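Novice:
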Amino acid sequence: MKYLKIIFLHFEHVFENRLRSFIWFLIPLMNNLLLIVFWKGSVIEGKNFQWTMSSITSYYFIMTIVGSMLSSHIEEDVSEYDIQEGDLVRYLTRPFSYYLAKFIEELPYRLLQGSYGIILFVLFIVFFHPVIALNTNLTQLPFLLIILAFGFAISFTLKMILGLTTFWFKENGGLFELYTILNIVLSGGIVPLDLAPPILRNISYFLPFSYTGYFPIIAIQGKLDTIEILKVISIQSFWFAGLLILSRLIWNRGIKIFTAVGQ
Amino acid sequence: MKRYLKIYQRLIKMNFAIIVAYRMGFINSIISTIGWGVFQIIWIYMLTYKTKSVFGWSRAELIILAVCYVVIIAIFHLLFSRNFERLARIIDRGQLDALLLKPVDSQFLISVWIIRYANFFRIAMGIGFLAFLINNLHITISALNVVGFLVLIIFGLVLLYSLWFIFSTFLIWFPQLTNLVDFLYTINGMSRYPTEMIKTLPFYLLPVLIPFTITIVTPTKALLGRILAGDVVGLILITFTLFYFSRVFWKFALRYYTSASS
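Here the protein sequences come in this chain order: A and B. Numbers 0 to 262, taken from numbering that gives the first Met the number 0, label the letters of the first sequence in order. Numbers 0 to 261, taken from numbering that gives the first Met the number 0, label the letters of the second sequence in order.
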């Protein structure tokens, strides 16, 4: 119950800056709409029956919603405000872990961004009638929810680890930017990984990025059968557990060298 | 004019002193600027991996367009973009008064205060890759093409600057929208696409989107020798018009500026 109350408190804060939040949502939306138009004018070499224009359109539409819902942006908060400016002290006196506190702070942002996505998605369907391919197999619905939850958890934990590196590196803007680039390329942010060069595809399947973007999207599209979905969930749980342990280790070491001064 | 050149000379020295003082920050900037440059090339490579042509542009031409984007945007980032981030911050914090009180043109001071030297590395990388592509793809380019490319880059940059300035001026009315500049970085990305593609979008979006697109596409067309007189005239006319408008709009907006500190 107390966690729910904290989430609602953060909701109030998020709604104070609705327009700002909407602009954040517009950024990936613009990019993805342009990619759809780009594909419409493309003359493709050979045939790929798995990826028709309608499935590519669906891919980018779902990517906009999934990206806004699952992609955490907590690293700058952790780095700039908490560690560099010393706000971390506030969290150290609270009766729950820093990881959990940040997780609760991030949740309302993701829900608001995701709701923008869903509203826009409905408006597009009503006014422009795009053919969107979605998973209609209701028995897979609980698994889809698990994939989405793990997608967010992995994305959040990765960003927490990134933010916590500020304990050692005071100037890590370059690191954040490199992460953003890697994430866009390897999570299927440019093209569905099926259509990417084989070497990039194989690297993507091996790393955690594709499990925060590409796999949740194609699962929603209905491109995975139940066995494949279970396989994705098991890999996601492996990555989540590993990253959670890593973030814990980094936190335990980093907090020992953290100093803050104030009155 | 002489006075402004002197001030700019001072700013160049001041910005250089900053990178010498904060070397680690400079190395970080180099990593990120080169990273984004490489990303643009990977982006178009992946996007066109299975395509022969897009809106009449061959795969090779699209890659050249992306590399021209890397070079031109790097020049823009070198000279201007960080200044707009600063403008968003100083308006939000009510610090614009201090700038307006100085005996120098406010638009000038806002636009050129910060120079991002790290972008020299992205420009060098882009030019190197462009030369490599032209050589490897056996594209014939005349001296006239290169001169046209360089001249139109100047117009493209002024146009881009004017567009960013016009959009950023809205911050006077909406100071909390500091992420408007991030949005501008995204709209800039439109110039990576052929104009023919942008023209297929709904007509009411075109007046905003077309100026962004022609900043890169027109110089690239000049380099590839497929430019039409209309493209050149269009770019020059829009550049002059929007540059003039950016100045008038800024002066108009300042009438509505309410400082937070006074």
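Here a beta-carbon is modelled for each residue, glycine too, at the ideal position from N, C-alpha and C. Please read these numbers as outputs of a predicted model, since none were measured by experiment.
What would DSSP say about Thr217 (chain B), mapped onto helix, strand or coil?
Specialist: Helix.
Novice: To be precise: take each residue of the stretch 37–59 of chain B, compare its Cβ to all Cβ atoms of chain A, and keep it if any distance is under 7 Å. Which residues remain?
Specialist: From the stretch 37–59 of chain B, only Phe38, Ile41, Trp42, Met45, Leu46, Tyr48, Lys49, Thr50, Lys51, Ser52, Val53, Phe54 have a Cβ closer than 7 Å to chain A.
Novice: Do you know how far the Cα of Ile122 (chain B) is from the Cα of His76 (chain B)?
Specialist: Their Cα atoms are separated by approximately 10 Å.
Novice: What separation, rounded to the nearest whole angstrom, lies between the Cα atoms of Ser246 (chain A) and Tyr98 (chain A)?
Specialist: Cα-Cα distance, rounded: 9 Å.
Novice: Which residues in the same chain have their Cβ closer than 7 Å to the Cβ of Ile117 (chain A), if we skip the five residues on either side of it in sequence?
Specialist: If we look at Ile117 (chain A) and ignore the five residues flanking it on each side, its Cβ neighbours are Ile64.
Novice: Quick one: grab the DSSP three-state call for Trp167 (chain A).
Specialist: Looking at Trp167 (chain A) - three-state DSSP - the assignment turns out to be coil, as it is neither helix nor strand.
Novice: Determine, using beta carbons only, whether Arg17 (chain A) comes closer than 8 Å to chain B.
Specialist: By this cut-off, Arg17 (chain A) is not an interface position.
Novice: Below 8 Å between beta carbons: does that hold for Val111 (chain B) and Asn82 (chain B)?
Specialist: For Val111 (chain B) and Asn82 (chain B), yes; Cβs fall inside 8 Å.
Novice: Counting C-beta neighbours from all protein chains within 10 Å, is the total for Val69 (chain B) 16 or more, i.e. buried, or is it exposed?
Specialist: Its Cβ being crowded by 16 or more others within 10 Å, Val69 (chain B) is buried.
Novice: Does any residue of chain A bring its CB to less than 8 Å from the CB of Ile18 (chain B)?
Specialist: With 8 Å as the cut-off, Ile18 (chain B) does not count as an interface residue toward chain A.
Novice: So which residues of chain B does Ile26 (chain A) contact, with C-beta pairs closer than 9 Å?
Specialist: The contacting residues are Asn178, Asp181, Phe182, Tyr184, Thr185.
Novice: According to the neighbour-count rule (16 or more other Cβ atoms, all chains shown, within 10 Å of its Cβ), is Glu11 (chain A) buried or exposed?
Specialist: Classification for Glu11 (chain A): exposed.
Novice: Let me make sure I understand the geometry here. Which of B:Arg115, B:Val157, B:Ala228, B:Lys51 has the alpha-carbon closest to that of Thr214 (chain B)?
Specialist: Among B:Arg115, B:Val157, B:Ala228, B:Lys51, the Cα nearest to that of Thr214 (chain B) is on B:Val157.
Novice: Return the CA-CA distance between Ala259 (chain A) and Glu74 (chain A), expressed in angstroms with no decimal places.
Specialist: If I take the Cα positions, the gap works out to 19 Å.
Novice: For a quick check, are the C-beta atoms of Thr32 (chain B) and Phe120 (chain B) less than 8 Å apart?
Specialist: Yes, Cβ-Cβ distance for Thr32 (chain B) and Phe120 (chain B) is below 8 Å.
Novice: If you draw a straight line from the C-alpha of Ile35 (chain A) to the C-alpha of Tyr210 (chain A), how long is it?
Specialist: About 22 Å.
Novice: Buried or exposed: which applies to Val42 (chain A), given that a residue is buried once 16 or more other Cβ atoms fall within 10 Å of its Cβ?
Specialist: With fewer than 16 other Cβ atoms within 10 Å, it is exposed.
Novice: Mind listing which residues of the stretch 69–90 of chain B have their C-beta closer than 7 Å to chain A's C-betas, in chain order?
Specialist: Per Cβ criterion, the list is empty.
Novice: Taking only beta carbons into account, state which residues of the stretch 189–214 of chain B come closer than 7 Å to chain C, listed in chain order.
Specialist: Absent here is chain C; the protein component of the structure consists of chains A and B.
Novice: Using the Cα positions of Gly147 (chain B) and Gly229 (chain B), report the straight-line distance between them to the nearest angstrom.
Specialist: In a straight line, the C-alpha of Gly147 (chain B) is about 14 Å away from that of Gly229 (chain B).
Novice: Using only the alpha-carbon positions, how far apart do Gln220 (chain A) and Gln49 (chain A) sit?
Specialist: About 12 Å.
Novice: Just how far apart, CA to CA, sit Asn14 (chain B) and Met189 (chain B)?
Specialist: About 30 Å.
Novice: How far does the alpha helix (DSSP H) with Ser167 (chain B) in it reach, from first residue to last?
Specialist: Ser167 (chain B) -> alpha helix (DSSP H) spans 142–168.
Novice: Is Pro174 (chain B) closer than 8 Å to Leu91 (chain B) when the C-beta atoms are compared?
Specialist: Checking the sequence shown, residue 91 (chain B) turns out to be Asp, not Leu. For Asp91 (chain B) and Pro174 (chain B), yes; Cβs fall inside 8 Å.
Novice: Compare the C-beta of Gln276 (chain B) against all C-beta atoms of chain A and say whether one is closer than 8 Å.
Specialist: Because chain B in this structure spans residues 0 to 261, residue 276 (chain B) falls outside the shown range and cannot be described.
Novice: Any residues in the stretch 188–207 of chain A with a beta carbon nearer than 8 Å to a beta carbon of chain B? Which ones, in chain order?
Specialist: So the close ones are Ile189, Val190, Leu194, Ala195, Pro196, Leu199.
Novice: Does Gln235 (chain A) pass the burial test, meaning 16 or more other C-beta atoms within 10 Å, or should it be called exposed?
Specialist: Label assigned to Gln235 (chain A): buried.
Novice: Is it true that the CB of Leu179 (chain B) sits closer than 8 Å to the CB of Ile22 (chain A)?
Specialist: Yes, Cβ-Cβ distance for Ile22 (chain A) and Leu179 (chain B) is below 8 Å.
Novice: Assuming Phe79 (chain B) contacts Tyr3 (chain B) under a Cβ cut-off of 8 Å, what Cβ separation, rounded to an integer in Å, is found between them?
Specialist: Not confirmed; about 16 Å, so no contact.
Novice: Given Phe214 (chain A), which residues of its chain have a CB within under 6 Å of its CB, disregarding the five upstream and five downstream residues?
Specialist: Closer than 6 Å at Cβ, skipping near neighbours: Val231.
Novice: Pick from B:Pro102, B:Leu234, B:Ala65: whose alpha carbon is nearest that of Val150 (chain B)?
Specialist: Selected option, being the one with the closest Cα: B:Leu234.
Novice: Relative to the C-alpha of Tyr116 (chain B), which residue among B:Lys12, B:Tyr256, B:Ile165, B:Gln94 is closest?
Specialist: It is B:Lys12 whose Cα lies nearest to the Cα of Tyr116 (chain B).
Novice: Given this structure, state the Cα-to-Cα distance separating Lys255 (chain A) from Glu104 (chain A), to the nearest angstrom.
Specialist: Rounded to whole angstroms, Lys255 (chain A) to Glu104 (chain A) spans 24 Å at the Cα level.
Novice: Do three or more CB pairs link the stretch 122–141 of chain B to the stretch 215–226 of chain B at distances below 8 Å?
Specialist: Touching, per the Cβ criterion.
Novice: When you compare only the Cα positions, how much space is there between Phe239 (chain B) and Leu100 (chain B)?
Specialist: If you take the alpha carbons of Phe239 (chain B) and Leu100 (chain B), they lie about 28 Å apart.
Novice: Which residues does DSSP pair with Trp42 (chain A) in a beta bridge?
Specialist: It is worth fixing the name first, because residue 42 (chain A) is Val in this sequence and not Trp. According to DSSP, Val42 (chain A) bridges with B:Ser52.
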